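Q: Next up is a structure, given as structure tokens.
Number of protein chains: 2
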Amino acid sequence: MNDERVDGRKLRFEHRRAEVLRAATEHALDHGLANLSLRKVAQSVGVSHATLVHHFSTKDELVAEIVDLVLAQSLALPDLADDDPEPLETIWRRATSDEGRRYVRLFTAITGHAMHDNPTLRDAVARSMQQRTSLLAAGLVRHGCPEAEAAALATSMLATLRGLLVDLLATDDEKRVRAAFEDLAGELGRRSARWPPPDVQS
Amino acid sequence: MNDERVDGRKLRFEHRRAEVLRAATEHALDHGLANLSLRKVAQSVGVSHATLVHHFSTKDELVAEIVDLVLAQSLALPDLADDDPEPLETIWRRATSDEGRRYVRLFTAITGHAMHDNPTLRDAVARSMQQRTSLLAAGLVRHGCPEAEAAALATSMLATLRGLLVDLLATDDEKRVRAAFEDLAGELGRRSARWPPPDVQS
Numbered sequence: 001m002n003d004e005r006v007d008g009r010k011l012r013f014e015h016r017r018a019e020v021l022r023a024a025t026e027h028a029l030d031h032g033l034a035n036l037s038l039r040k041v042a043q044s045v046g047v048s049h050a051t052l053v054h055h056f057s058t059k060d061e062l063v064a065e066i067v068d069l070v071l072a073q074s075l076a077l078p079d080l081a082d083d084d085p086e087p088l089e090t091i092w093r094r095a096t097s098d099e100g101r102r103y104v105r106l107f108t109a110i111t112g113h114a115m116h117d118n119p120t121l122r123d124a125v126a127r128s129m130q131q132r133t134s135l136l137a138a139g140l141v142r143h144g145c146p147e148a149e150a151a152a153l154a155t156s157m158l159a160t161l162r163g164l165l166v167d168l169l170a171t172d173d174e175k176r177v178r179a180a181f182e183d184l185a186g187e188l189g190r191r192s193a194r195w196p197p198p199d200v201q202s
Numbered sequence: 001m002n003d004e005r006v007d008g009r010k011l012r013f014e015h016r017r018a019e020v021l022r023a024a025t026e027h028a029l030d031h032g033l034a035n036l037s038l039r040k041v042a043q044s045v046g047v048s049h050a051t052l053v054h055h056f057s058t059k060d061e062l063v064a065e066i067v068d069l070v071l072a073q074s075l076a077l078p079d080l081a082d083d084d085p086e087p088l089e090t091i092w093r094r095a096t097s098d099e100g101r102r103y104v105r106l107f108t109a110i111t112g113h114a115m116h117d118n119p120t121l122r123d124a125v126a127r128s129m130q131q132r133t134s135l136l137a138a139g140l141v142r143h144g145c146p147e148a149e150a151a152a153l154a155t156s157m158l159a160t161l162r163g164l165l166v167d168l169l170a171t172d173d174e175k176r177v178r179a180a181f182e183d184l185a186g187e188l189g190r191r192s193a194r195w196p197p198p199d200v201q202s
């Protein structure tokens, strides 16, 4: 315990650093990563360039921390409450809210950046996708999906949801994409009707 | 007709321009658009920087032409032959071939770039998605899908396929993603069994 004595200055430093990171992430949510520079972020966040360099050293380090934050936040979106009567609708409503769209937009931009010559970013995206798939698969099993098909269904559902959201952000065709989401929900309803009742499984 | 007399030099110029564009597109397929510069492309294609500027003026113009070419090519991928016994499997096999993956990777990178502050790129991606959806919807109707559900199903199917391909490129988890594709194909088979037989529809 004595080794973990709190140093007031260090705490203020950490607090300030987290605050700057949050503000830099807001900047990335609005403008993406493509033209991000420490100078622009410093200006937008309202700190000096020297302060930013002091906290994050390089643009790459700052981007890495923004990406971790955004992937963790995107990961939180599809959490399913076990007593939610319409979990899929809840996921969709959250992801298509104004705030949800900002995260999906930056997640899509990050995924695009991860496609070429960027193994660190690619690993972060891969880890996020695998974690989300496992979380959703576990949620599906709790909702009665047979274990044997949970991973494939979770993979396919997340792919569809991501794909629909990208379509929505690119085309703004709310009506067609909403119809496709309802089609997905209807098919999933028909499918879950084939699952054995929970008491048979346990 | 006389107005369209062929100028030999102009033809050679156009031919040379198309050849440079194809080579520049190969460069983008390998390295993406993020760090693309006229100088790097000139070096990789084996022409002088002056020649590249002569043909394309600016990096933005070159990128716009590469994007058009890649989106048109990605658009060609999901064409369904009416007598193909397993059209979905054919689409998947083409998209996951080495050459298909290069196009999907660049398409994903382009989509990522289209997310922030780039209305031209966003319009190009939106147009490509809408065209692909219409093409697939028409193909589904030819395969017996009721008109009323064709647009929603085409939107959802393309979203799933794009999402699965991005998952595959990011995670390299061939087994899990292939299982999800087979799950999708199985569900589609069950669904099409509910469609009225073609002679009832016509």
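Residue numbers (the UniProt record's numbering), protein chains in the order written: chain A, 1 to 202; chain W, 1 to 202. Glycine residues also receive a C-beta, built at the ideal position from the N, C-alpha and C atoms. This one's a predicted model, so the numbers in the text were calculated from it and none came from an experiment.
Which of helix, strand or coil does DSSP assign to M129 of chain A?
A: Reduced to three states, the DSSP call for M129 of chain A is helix.
Q: Look at the alpha carbon of G189 of chain W and the alpha carbon of S97 of chain W, and state the distance between them as a whole number of angstroms.
A: One C-alpha to the other measures close to 24 Å.
Q: Report the three-state DSSP secondary structure of V53 of chain A (helix, strand or coil).
A: Looking at V53 of chain A - three-state DSSP - the assignment turns out to be helix.
Q: In chain W, which residues lie less than 8 Å from residue 285 of chain A when you measure between Cβ atoms?
A: Any property of residue 285 of chain A remains undetermined from this structure, which presents chain A solely from 1 to 202.
Q: Can L158 of chain A and T120 of chain A be called in contact, C-beta distance under 7 Å?
A: For L158 of chain A and T120 of chain A, no; Cβs fall outside 7 Å.
Q: Please report the straight-line C-alpha distance between G100 of chain W and L153 of chain W, rounded to a whole angstrom.
A: Their Cα atoms are separated by approximately 23 Å.
Q: Residues in the same chain with beta-carbon distance under 7 Å from R191 of chain A, minus the five sequence neighbours each way, listed in chain order, please.
A: Within the same chain, R191 of chain A has no close Cβ partners at all.
Q: Going by DSSP in three states, S48 of chain A sits in which element: helix, strand or coil?
A: Coil at S48 of chain A, not helix or strand.
Q: Which residues bound the alpha helix (DSSP H) around W195 of chain A?
A: Counting along the chain, W195 of chain A falls outside any alpha helix (DSSP H), and DSSP gives it neither H nor E.
Q: May I ask you to report which of helix, strand or coil DSSP gives D30 of chain W?
A: Looking at D30 of chain W - three-state DSSP - the assignment turns out to be helix.
Q: Which of helix, strand or coil does DSSP assign to D98 of chain A?
A: Three-state DSSP puts D98 of chain A in a helix.
Q: Can you tell me whether L22 of chain A is buried or exposed, with buried defined as 16 or more other CB within 10 angstroms of its CB?
A: The amino acid at residue 22 of chain A is misidentified as Leu; the sequence shows Arg. Label assigned to R22 of chain A: exposed.
Q: Of all the residues that make up the segment 135–168 of chain A, which are near chain W by a beta-carbon distance shorter than 9 Å?
A: Per Cβ criterion, the list reads E149, A151, A152, L153, A154, T155, S156, M157, L158, A159, T160, L161, R162, G163, L164, L165, V166, D167.
Q: List, in order along the chain, the chain W residues whose C-beta lies closer than 8 Å to that of Q130 of chain A?
A: Near Q130 of chain A (Cβ distances below 8 Å), the residues of chain W are T171, D173.
Q: Cβ closer than 7 Å: which chain A residues qualify as neighbours of R176 of chain W?
A: The answer, in chain order, is A151, T155.
Q: Strictly under 7 Å for the Cβ-Cβ distance: is R93 of chain W near chain A by that measure?
A: No, its Cβ sits nowhere closer than 7 Å to a Cβ of chain A.
Q: For L62 of chain A, which of A:L88, A:A72, A:V41 has the nearest alpha-carbon?
A: Out of A:L88, A:A72, A:V41, A:V41 has the C-alpha closest to the C-alpha of L62 of chain A.
Q: Using a beta-carbon distance below 7 Å, is R105 of chain A in contact with chain W?
A: Yes, R105 of chain A lies at the interface with chain W (some Cβ there is under 7 Å from its Cβ).
Q: Would you kindly work out how many angstroms separate the C-alpha atoms of W92 of chain W and W195 of chain A, rounded to a whole number?
A: If I take the Cα positions, the gap works out to 28 Å.
Q: Let me see if you follow: with CB-CB separation under 7 Å, is A126 of chain A close to chain W or not?
A: Output row for A126 of chain A: interface = yes.
Q: Between the segment 27–40 of chain A and the segment 106–116 of chain A, do at least 3 Cβ pairs fall closer than 8 Å?
A: Segments in contact, yes.
Q: Determine, using beta-carbon pairs with one atom in the segment 168–181 of chain W and one in the segment 121–132 of chain A, whether at least three such pairs fall under 8 Å.
A: The segment 168–181 of chain W vs the segment 121–132 of chain A: in contact.
Q: Find the residues of chain W that neighbour R191 of chain A, judging by a C-beta separation of less than 8 Å, and give them in chain order.
A: Per Cβ cutoff of 8 Å: E187.
Q: Under 9 Å Cβ-Cβ, which residues of chain A neighbour A24 of chain W?
A: Ordered by position in chain A, no residue passes the 9 Å Cβ test against A24 of chain W, which lies about 15 Å from the chain.
Q: Report, in whole angstroms, the separation of the C-beta atoms of V177 of chain W and T111 of chain A, which I expect to be a contact under 8 Å.
A: Not really, about 15 Å apart at Cβ, beyond 8 Å.
Q: Chain W partners of residue 203 of chain A, CB-CB under 7 Å?
A: As shown, chain A starts at 1 and ends at 202. That puts residue 203 of chain A outside it, with no answer to give.
Q: Could you check the C-alpha separation between G46 of chain W and R102 of chain W for me, to the nearest Å?
A: If I take the Cα positions, the gap works out to 21 Å.
Q: Out of curiosity, what's the CA-to-CA distance linking D117 of chain A and R16 of chain W?
A: Roughly 29 Å separates the two Cα atoms.
Q: Just the C-alpha distance for E19 of chain W and R127 of chain W, rounded to the nearest angstrom, thanks.
A: Computed Cα separation, rounded: 25 Å.
Q: Give, in chain order, every residue of the UniProt domain "HTH tetR-type" (14–74) of chain A whose Cβ lies closer than 7 Å to some Cβ of chain D.
A: No chain D appears in this structure, whose protein chains are A and W.
Q: Taking DSSP as the reference, what is the three-state secondary structure of S167 of chain A?
A: Here residue 167 of chain A turns out to be Asp, not Ser, going by the sequence shown. Three-state DSSP puts D167 of chain A in a helix.
Q: Please classify residue 263 of chain A as buried or exposed, where buried requires at least 16 other C-beta atoms within 10 Å of its C-beta.
A: This structure cannot settle anything about residue 263 of chain A, because the visible part of chain A is limited to 1 through 202.
Q: I'd like the list of long-range same chain contacts for F181 of chain W, defined as Cβ closer than 7 Å, with 5 residues on each side in sequence excluded.
A: Result list for F181 of chain W: W92, L164, in chain order.
Q: Determine the chain A residues that contact R122 of chain W at a beta-carbon separation under 8 Å, and present them in chain order.
A: By Cβ distance, chain A contributes A170.
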